[in-house]
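Heads up: the structure comes next, in structure tokens.
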Ligand SMILES: [Zn+2]
Ligand SMILES: [Zn+2]
């Protein structure tokens, strides 16, 4: 565990991809099986055990520390696991100080021991076991253990990077490791053996493997001048989930189909309705969407299906899954990835036509002769071909017609050009000190919109944002918060928010969804501060009703009596720059 | 008699009315007793200064020859009479020359400990607990989350990293007085025998230490070429880590040796890639070990996390109160966007 903890600790501070890779590879090289295999599993999210709830950890620490000292420490550090890891009493010292002899701390556990034990541990045994491990580990070890058991192991390493580090053990191609990946399982002894050249390449028997997808870059204003529109295909960027649908035959002739997420996770069990429709032999790249009454629904609707744990018949009927395809990687055993997009597109169109499935259709291309026309289409998808599906459009994709299908994010071939975000003017209500780099700043903001309350108009919180501003703006907001505090609740400060006094933020966001966690009943997707409006008095900020109407329009369910005759802007919201 | 009649906080620091002296005064006074030469404790312009020989030497080095009207060196354990008060200096283990000051008079024994640590340090005399009625403790790291651990293990972290990235320089931010020289001594103790490169601001102080301790080969970084600095370990004041100065190093790994590095948010705030938890102050375990060892029934707490330490003293049946002295220590929980380094680098140690 100590070596793994040391690795995580170092990775957590390292920003450079190459340096991270070096650290990972050095660790894999120096650590024996199965320890390194469990580390790889932890980094790729392949471990499964019931996560410990924060309550368990709080209970453990409160049995061992003074509540005032814990509260002061937690407020200072800002992270529960880290606070506990740092202030966990040293059992050696406690034993030396008390007259009776304590349990001697055991030897520090290995990651293997922790992982295998967690997998079989009963719920009631967890606290005692955790405490024994914490007694035996040092600060960094305790931190890593707590992050692991609470399922919060975030050290800025993607599964892809970890696999690349394995590949680097023996100069293998990371894509090859990616493709072989499903044939291995923790603790990956065979994978390491193969990467180190100790065994032959394992045969892939899977007839429907995942293939690493091709990804795009965000386009920037300066890029257009360098690009000739005639070289490109444009299509809508759908606001769903990027998937790969693969179907084929086993050796015995039995048909198999599988749906993968962008990262190669098999998500078939959640979408039996769609998997059933995959009656082809090949691999399709496309977007998973919800389509009801011939109309693609917004992400807010898809979200409602994604949030369910069980797939009931009712859910399938209410939220039918749909696949809108834009690429064909393999057809009948023929690998098309080495063909240009123009060829693949032709084959794709023919395949979709042959399939004639109500659950699978083609993502249409957008006709355009110059970038201005495409810009107009992006600004108003409904009028440029997206029609009734326009609510599910989050931008346009621009793809080079002669580009091969290359895994990863190759430069100069695919771009995304997202629509401008929605914006509202909201009022800062509460501020909290940030975590991480910003633990000395008030950098987490709760903002609200006006609505009718019992005693006239009042502000109701609608969301939280903690980025979007520059360091200089952070300093300005921090000063404003400190000078305009009207109440304190632990680490939270209430900030003045009256008609004439307060701070207005322009908040940008990507969309809305229903939420029971917020008093307003609405949650924003990806909210961030897009502008400080020191010039604007709070009374001129937006009203909650604007968001309610937007959400109704997005869900196509005018439930709260929003009139269909309201002006378009009131129904669909305001976009930045519009 | 109440101890406050012997020694009491004043706007410029602790003051002894019976003998007319201040301890570590913040502005120029007639008579000053100085615990150690860090710039928030040792200022220029006092009429008479009483301190250890090393503290006086270092003050001269930092502040110039005429930093005080008159100076009087006091050895550890030696006593001096000032009016009807007796004072003596005892090792504080913080930096070279650092002392706790014991003030005896009117039946009271008060120890003003200045900054101190009870962890081993090859570059200064070890801390000695001094029996007293009132112990005045700093509280820089007075939260139970501050556990400094073994400095040798932190040095190993640095050496392992230097071995893994031999083409990069390891640039270690360290305070100019004490920390930098302790790091060099620790590196030498770990068997590191390559030259260690120094920022100009560290040269004279390190030279002073080098007269007493074997610090091995030291080179000014300004004279080294980029190729020579690949794989090197270089020390600089924390403020220089993000300076233009750092550009001479090939793809440097930013390291910082400080007790603050124990808390991740602190390390990230400074853009540190390799935090080294090495401190010249007591950690929580140290404070809660030292305080009972003095036998003091009353504890006065100065700069740092006073609240937590005062609370802890209460749980141990000790009378404790915060002194609220301002001007010492370096941490300020205010809006200091980015890594200005301003306050810490100028007058601090940690
Ligand atoms: Zn000091
Ligand atoms: Zn100090």
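Residue numbers (the numbering used here), protein chains in the order written: chain X, 1346 to 1923; chain R, 777 to 1126. Beta carbons: idealized from backbone N, C-alpha and C, even for Gly. Predicted, not measured: the structure shown is a model, and the values here were computed from it.
- At least one beta carbon of chain R lies nearer than 9 Å to the beta carbon of residue 1410 of chain X.
- Bounds of any beta strand (DSSP E) do not take in residue 1624 of chain X, whose DSSP letter is neither H nor E.
- Counted as a single uninterrupted DSSP element, the alpha helix (DSSP H) harbouring residue 1472 of chain X occupies residues 1471 to 1481.
- Within the same chain, and ignoring the five residues on either side of residue 1588 of chain X in sequence, the residues whose Cβ sits closer than 6 Å to its Cβ are 1604 and 1633.
- The region 1687 to 1707 of chain X makes no contact with the region 1597 to 1616 of chain X, as fewer than three CB pairs between them are under 8 Å.
- Excluding sequence positions up to five before and after residue 1723 of chain X, its CB lies within less than 7 Å of the CB of 1740, 1741, 1762 and 1764, all in the same chain and listed in chain order.
- With a 10 Å radius around the Cβ and a threshold of 16 neighbouring Cβ atoms, residue 831 of chain R comes out buried.
- Chain order gives the chain R residues near residue 1359 of chain X as 1049, where near means a beta carbon separation below 8 Å.
- In this structure, residue 1026 of chain R and residue 1005 of chain R form a Cβ contact; the two beta carbons are roughly 6 Å apart against a cut-off of 8 Å.
- Between residue 919 of chain R and chain X, the shortest Cβ-Cβ separation is below 9 Å.
- Residue 1082 of chain R places its beta carbon less than 9 Å from that of residue 918 of chain R.
- Along the region 1414 to 1425 of chain X, the positions whose C-beta sits under 7 Å from a C-beta of chain R are 1414, 1417, 1418, 1421, 1422 and 1423, read in chain order.
- Annotation: residue 1380 of chain X has no Cβ neighbours in chain R at a cutoff of 9 Å; minimum Cβ distance is about 18 Å.
- By the neighbour-count definition (other C-beta atoms within 10 Å, threshold 16), residue 1558 of chain X is a buried residue.
- A check of alpha carbon separations from residue 1490 of chain X across X/1517, X/1468 and X/1462 identifies X/1462 as the nearest.
- Annotation: residue 1028 of chain R to residue 1372 of chain X spans about 21 Å, alpha carbon to alpha carbon.
- Among the residues of the region 1074 to 1100 of chain R, those with a Cβ less than 8 Å away from any Cβ of chain X are 1081, 1083, 1084, 1087, 1088 and 1091, in the order of the chain.
- With a cutoff of 9 Å on beta-carbon distance, residue 945 of chain R and residue 846 of chain R are scored as not near each other.
- According to DSSP, residue 792 of chain R shares a beta bridge with R/797.
- Residue environment: residue 1879 of chain X is assigned as exposed (fewer than 16 neighbouring CB atoms within 10 Å of its CB, all protein chains considered).
- Spanning the alpha carbons of residue 1889 of chain X and residue 1664 of chain X requires a straight line of approximately 27 Å.
- Neighbourhood of residue 1432 of chain X in chain R, by CB distance below 7 Å: 920 and 921, in chain order.
- Counting only residues of its own chain and dropping the five nearest sequence neighbours on each side, residue 898 of chain R has a CB closer than 8 Å to the CB of 958, 961, 962, 965 and 989.
- Contact of residue 1371 of chain X with chain R by beta-carbon distance below 7 Å involves 940.
- For residue 960 of chain R, the uninterrupted alpha helix (DSSP H) run begins and ends at 955 to 965, by DSSP.
- In this structure, residue 1591 of chain X places its C-beta atom within 9 Å of the C-beta atom of residue 1554 of chain X.
- Counted as a single uninterrupted DSSP element, the alpha helix (DSSP H) harbouring residue 1432 of chain X occupies residues 1425 to 1432.
- Short of 6 Å from the beta carbon of residue 1054 of chain R, and not among the five residues preceding or following it, lie these beta carbons of its own chain, in chain order: 927, 930 and 1033.
- By the neighbour-count definition (other C-beta atoms within 10 Å, threshold 16), residue 1545 of chain X is an exposed residue.
- At a cut-off of 9 Å between beta-carbon atoms, residue 1367 of chain X makes contact with chain R.
- Less than 9 Å divides the Cβ of residue 781 of chain R from the Cβ of residue 794 of chain R.
- In the three-state scheme derived from DSSP, where H, G and I count as helix and E and B as strand, residue 833 of chain R is classed as helix.
- Secondary structure of residue 895 of chain R (DSSP, three-state): coil.
- Take residue 1885 of chain X, set aside five residues on each side of it, and the residues of its chain with a beta-carbon closer than 8 Å to its own are 1770 and 1849, in chain order.
- Cα atoms of residue 1800 of chain X and residue 1919 of chain X: separation of roughly 29 Å, rounded to the nearest angstrom.
- Collapsing the DSSP output to three states places residue 1605 of chain X in a strand.
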